[in-house]
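First up is the structure itself, then whatever we jot down about it.
Protein chains: 2
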Amino acid sequence: MNGYPIGLHKWDLDTPALCLDAPALEQNISRMAKYFAERPASLRPHSKTHKCPTIAWMQLRAGAIGITCAKLAEAEVMAQAGIRDILIANQIVGIRKISRLVNLAAYSEVMVAVDDPANAEDLSAAAQAKGVRLRVLLEIDVGMGRCGVAPGEEALALARRVSELPGLCLEGIMGYEGHAVMIPDFEERRRVTEEAMAKLVSVRDLLEEKGIEVKIVSGGGTGTYTITGNYPGVTEVQAGSYATMDGQYRRVGIDFAPALTVVARVISVRGDRAIIDAGLKTLTPEFGMAEVVHPEGWELTRLSEEHGFLRRKGGPELHSGDPVELIPSHGCTTINLHDEYYVVRDDVVEAVWPIAARGCIR
Amino acid sequence: MNGYPIGLHKWDLDTPALCLDAPALEQNISRMAKYFAERPASLRPHSKTHKCPTIAWMQLRAGAIGITCAKLAEAEVMAQAGIRDILIANQIVGIRKISRLVNLAAYSEVMVAVDDPANAEDLSAAAQAKGVRLRVLLEIDVGMGRCGVAPGEEALALARRVSELPGLCLEGIMGYEGHAVMIPDFEERRRVTEEAMAKLVSVRDLLEEKGIEVKIVSGGGTGTYTITGNYPGVTEVQAGSYATMDGQYRRVGIDFAPALTVVARVISVRGDRAIIDAGLKTLTPEFGMAEVVHPEGWELTRLSEEHGFLRRKGGPELHSGDPVELIPSHGCTTINLHDEYYVVRDDVVEAVWPIAARGCIR
Chain A
-13 MNGYPIGLHK WDLDTPALCL DAPALEQNIS RMAKYFAERP ASLRPHSKTH
37 KCPTIAWMQL RAGAIGITCA KLAEAEVMAQ AGIRDILIAN QIVGIRKISR
87 LVNLAAYSEV MVAVDDPANA EDLSAAAQAK GVRLRVLLEI DVGMGRCGVA
137 PGEEALALAR RVSELPGLCL EGIMGYEGHA VMIPDFEERR RVTEEAMAKL
187 VSVRDLLEEK GIEVKIVSGG GTGTYTITGN YPGVTEVQAG SYATMDGQYR
237 RVGIDFAPAL TVVARVISVR GDRAIIDAGL KTLTPEFGMA EVVHPEGWEL
287 TRLSEEHGFL RRKGGPELHS GDPVELIPSH GCTTINLHDE YYVVRDDVVE
337 AVWPIAARGC IR
Chain B
-13 MNGYPIGLHK WDLDTPALCL DAPALEQNIS RMAKYFAERP ASLRPHSKTH
37 KCPTIAWMQL RAGAIGITCA KLAEAEVMAQ AGIRDILIAN QIVGIRKISR
87 LVNLAAYSEV MVAVDDPANA EDLSAAAQAK GVRLRVLLEI DVGMGRCGVA
137 PGEEALALAR RVSELPGLCL EGIMGYEGHA VMIPDFEERR RVTEEAMAKL
187 VSVRDLLEEK GIEVKIVSGG GTGTYTITGN YPGVTEVQAG SYATMDGQYR
237 RVGIDFAPAL TVVARVISVR GDRAIIDAGL KTLTPEFGMA EVVHPEGWEL
287 TRLSEEHGFL RRKGGPELHS GDPVELIPSH GCTTINLHDE YYVVRDDVVE
337 AVWPIAARGC IR
C-alpha cells in the first residue's frame, strides 16, 4: 500500500494512485444529507460507487437510513463492517447465492429485489430452511428496460405471490430510472424521471388499493435526486456517485465537488505528447476520457492498457517523472480497479482507506 | 473464493466466475513453445495478460527464456514466485519506484526499458547506491508513437549515455509494434510489422557498428509472433495473450484455443431479452462485446455497470438462474477485474489459481 504514505504530498505518491479529497468528500456527504433532512424522502446511498465501509458509515452518521448495494458480496462486506440496513438492489439467483443471502439475513436487516415468482419461491424456501425473515422489494421496470416487472397487473400478481410466501416480508417496491440519470438537458431529464416515478408510484397505489402495504418506494440516482427526492410517494433515494463524483456527472451539470482523482506520472515525453503510467487498468473509458486537472493545458486523448496519451494544448512543458492529476470519467468502474484510496487534505495524505468491496462481483 | 468449488461443474459455480479451460491453456502454451523451439528467436511471454505466476511457470517450463511484465508491482509478484529473468517493458520513473526496482534487482535478474537520459541517470545512481547491476534495454519507437526513442542518432546517443553510466548494463533494445498487432488483414499486418522490425534491427546494426554490443532484440505480440518471430535479428518475442486468448485476437484470425471464459447467470428475463449478472465490473468493453458461447443463439448487446443485456437470436428460451458462458473481448483488462481463475477440465473445476498480480498497477 504505497509504503507508508501518510504525510506525503499527493504528487510524491508512488503512481498511479487513486486519491480522495477529504474536504470535498465531507462537503458532498453533508450537503446531500441536508437536502434529505428537509424532505419527506430519505437517503439510502448506493455503495457500489465507493465500495468502502468507511464512507458508508460517514453517510449513515450524516443521516442516511441505510445503504444500497449492487451485489451480495458487497453487502457481506458492509455487514461485516457493522452496517445493518442494506438493500441489495438486484435479483439474487442460484442456490449458492441464495444460501449466502439467507445466512446474511441472520445477522443483518438485508433487503433484496425480486422480479420473478420462481425466484421468490426459491428465496422463500431458503429463508424458511434457515429460519429467517427475508425482506423483499418488488423491482418495477420504470422504463429502463433492464430488470423488473411491468407496472400494473404483472406487479400486482407478483406482489400477491410474494405476500403469501412464508419467510418473505414484502416491504415495498423499487425502480431505477437509469435511462434518465444521464440526460444532459435538465428539463428533459425531469420529464423522463417524473414519468418513471409516476409508474413506480402507480404500483404503490395499486397494491395499497388491493390491501398490500407498501412501506418503501425506492429509486433515484445522483443525476435525478432533486427530482426523485421530491416526487410525492417516493420514500427513499439510492444516489451513490455524489459522494466521490466523476466526470460524467460533472458533464451533465451535477455540481457536487470532484473529490476523486487519479494521480499519475509522466514516463515518456516526445514534444507535445506525454505518456503517463495510467491506462485502462487504472481509468475506465466507457464514459470517455478522464479530465486532466493538473497541469492545465494538457488533454488525455487515448488510453491503452498500461499507458495514457496526453496532448499539449497550451500547457507547460512536461518531463519524465512529472505528476499529472485527472478526474475519472466514471467513478464506479474506476474505483473498482483500485485497492485503496489515498485520502488527502490540503494535498497531503492523511489516511489510506481500503476499498474493501472492490471486485465483489458475486 | 466461491466456496470450495473443486469438483463442481462450471455451470454450478457462484457467478460471475472467470474460468480457464486447462486443456486449452496447456495446448496453447505447448504450441507456442514448439513454434519457438524450432527458431532462432526465443519466447519471453508477457505476463500482463494472465497475471498469474502459475501460468508463468508453465510457460517457463515449456521453454520460455524469461517473462515480460508491464509494471514493477507485477515483476515483484513474479519474483516472489521464484521467477528470475524478468523484463519490465516500461520506463520506471520516480524515486519510490526506482528504489523498489533496485531492491528487486538484488534478488532477480530484472531488466527495464529506458528512453530518456535523465531517467537512465536516476537508475544509475540508485543502482550504485544499492550496489546492484541493473539490466537495461533501450526502448525504440518502431512506429507506434507511444514510448521509445527514435531509431538512428537519438537511439545511438542514448545507448552511449547508458553504456557509460555505472550500475547499468545495456543488454540490448526493444520495440513494440502495437500499431500492427490488431490489423485484420494479415498481409497488411505483415507489412507494418516488418517495417517496424526493420527499424528495430537497424538500431542494432547502428549500435554494433559503433562498438556497442546488442545481445537482446525484443519485440512482438500474439498478433504478430509469426512475423516478428521469424524476422532476422529479433532474439525474443513478448507475446502474451496466446495463452488464454480472447475475442479480439480471434477476430483477427489468431487461432489459439479460447481458454478464457466468463460464466454468468441469468437474473431476469423479459421475452427475448435476458439480463445476466456480469457487467462492466466483470467484462471490459473497449474491444467490443463478449461473445456468448453458451447457449447458442443469444448475443450480448450491452453492458451496464452490474448487468449484461442478452438478445435472443434463435436460441433456446432462457430462465432466471440459467448459466451463460462468454468469451471476453479483451483478456488483459478483463482478467484484471478478477481475483482468481476457476480452472476447468471437461467442464469440471479442478483448481483455483489466484490472479496474484491483479491490480498491480504500480
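Sequence lines, in order, name chains A and B.
Going by this note's numbering, the residue at position 21 of the first sequence is 7; the numbering climbs one at a time, nothing skipped.
Going by this note's numbering, the residue at position 57 of the second sequence is 43; the numbering climbs one at a time, nothing skipped.
Glycine included, C-beta positions come from ideal geometry on N, C-alpha and C.
Assuming the contact rule is C-beta atoms closer than 8 Å, residue i and residue j should be a hit. Round their C-beta distance to whole Å, please.
i: residue 90 (chain B); j: residue 245 (chain B); result: Residue 90 (chain B) to residue 245 (chain B), Cβ: 30 Å. No contact.
i: residue 83 (chain B); j: residue 0 (chain A); result: 6 Å
i: residue 32 (chain A); j: residue 184 (chain A); result: The Cβ separation is near 22 Å, so there is no contact.
i: residue 114 (chain B); j: residue 153 (chain B); result: 4 Å
i: residue 232 (chain A); j: residue 315 (chain A); result: 6 Å
i: residue 77 (chain A); j: residue 101 (chain A); result: 6 Å
i: residue 103 (chain B); j: residue 335 (chain B); result: Not a contact, Cβ separation roughly 51 Å.
i: residue 86 (chain B); j: residue 58 (chain B); result: 6 Å
i: residue 147 (chain A); j: residue 106 (chain A); result: 6 Å
Who pairs with residue i in a beta bridge, going by DSSP?
i: residue 7 (chain B); result: B:330
i: residue 298 (chain A); result: A:284
i: residue 337 (chain B); result: B:329
i: residue 32 (chain B); result: B:54
i: residue 74 (chain A); result: A:55, A:98
i: residue 275 (chain B); result: According to DSSP, residue 275 (chain B) bridges with nothing at all.
i: residue 249 (chain B); result: B:3, B:311
i: residue 128 (chain A); result: Per DSSP, none; premise fails for residue 128 (chain A).
i: residue 222 (chain A); result: A:28, A:204
Taking 8 Å as the threshold (C-beta atoms), are residue j and residue i in contact?
i: residue 119 (chain A); j: residue 96 (chain A); result: no
i: residue 205 (chain A); j: residue 25 (chain A); result: no
i: residue 211 (chain B); j: residue 3 (chain B); result: no
i: residue 269 (chain B); j: residue 320 (chain B); result: yes
i: residue 14 (chain B); j: residue 337 (chain B); result: no
i: residue 290 (chain B); j: residue 253 (chain B); result: no
i: residue 173 (chain A); j: residue 28 (chain A); result: no
i: residue 80 (chain B); j: residue 125 (chain B); result: no
i: residue 213 (chain B); j: residue 181 (chain B); result: no
i: residue 159 (chain B); j: residue 132 (chain B); result: no
In chain order, what residues of the same chain have a beta carbon less than 8 Å from the beta carbon of residue i, not counting five sequence neighbours either side?
i: residue 278 (chain A); result: 284, 285, 286, 296, 310, 311, 312
i: residue 259 (chain B); result: 295, 296, 297, 298
i: residue 178 (chain B); result: 129, 163, 165, 166, 169
i: residue 304 (chain B); result: 252, 255, 260, 281, 284, 296, 298, 310
i: residue 155 (chain A); result: 119, 120, 121, 122
Which of the three DSSP states, helix, strand or coil, is assigned to residue i?
i: residue 151 (chain A); result: coil
i: residue 199 (chain A); result: coil
i: residue -1 (chain B); result: coil
i: residue 204 (chain A); result: strand
i: residue 94 (chain A); result: coil
i: residue 12 (chain A); result: helix
i: residue 178 (chain B); result: helix
i: residue 259 (chain A); result: strand
i: residue 89 (chain A); result: helix
i: residue 254 (chain B); result: strand
i: residue 210 (chain B); result: coil
i: residue 238 (chain A); result: coil
i: residue 317 (chain B); result: helix
i: residue 289 (chain A); result: strand
i: residue 41 (chain B); result: helix
i: residue 344 (chain A); result: coil
i: residue 163 (chain B); result: coil
i: residue 157 (chain B); result: strand
i: residue 121 (chain B); result: strand
i: residue 135 (chain B); result: strand
i: residue 322 (chain B); result: coil
i: residue -13 (chain A); result: Only weak support exists for where residue -13 (chain A) lies, its pLDDT of 49 falling under 50; the value from the coordinates is given anyway. DSSP places residue -13 (chain A) in coil when its eight states are reduced to three.
i: residue 144 (chain B); result: helix
i: residue 303 (chain B); result: coil
I'd like the list of long-range same chain contacts for residue i, defined as Cβ closer than 6 Å, with 5 residues on each side in sequence excluded.
i: residue 342 (chain B); result: 39, 63
i: residue -4 (chain A); result: 5, 249, 330, 333
i: residue 54 (chain B); result: 30, 32, 73, 75, 224
i: residue 235 (chain B); result: 208, 227
i: residue 134 (chain B); result: 101, 125, 126, 127
Keeping to the same chain, check which residues put their C-beta closer than 7 Å to that of residue i; ignore five residues upstream and five downstream.
i: residue 157 (chain A); result: 97, 121, 122, 123, 201, 202
i: residue 92 (chain A); result: 116, 118
i: residue 142 (chain B); result: 192, 193, 196
i: residue -13 (chain A); result: Confidence at residue -13 (chain A) is low in this model, with a pLDDT of 49, below 50, so the placement of that residue should be treated as unreliable; the coordinate-derived value is given next. Excluding sequence neighbours, residue -13 (chain A) sits near 326, 338.
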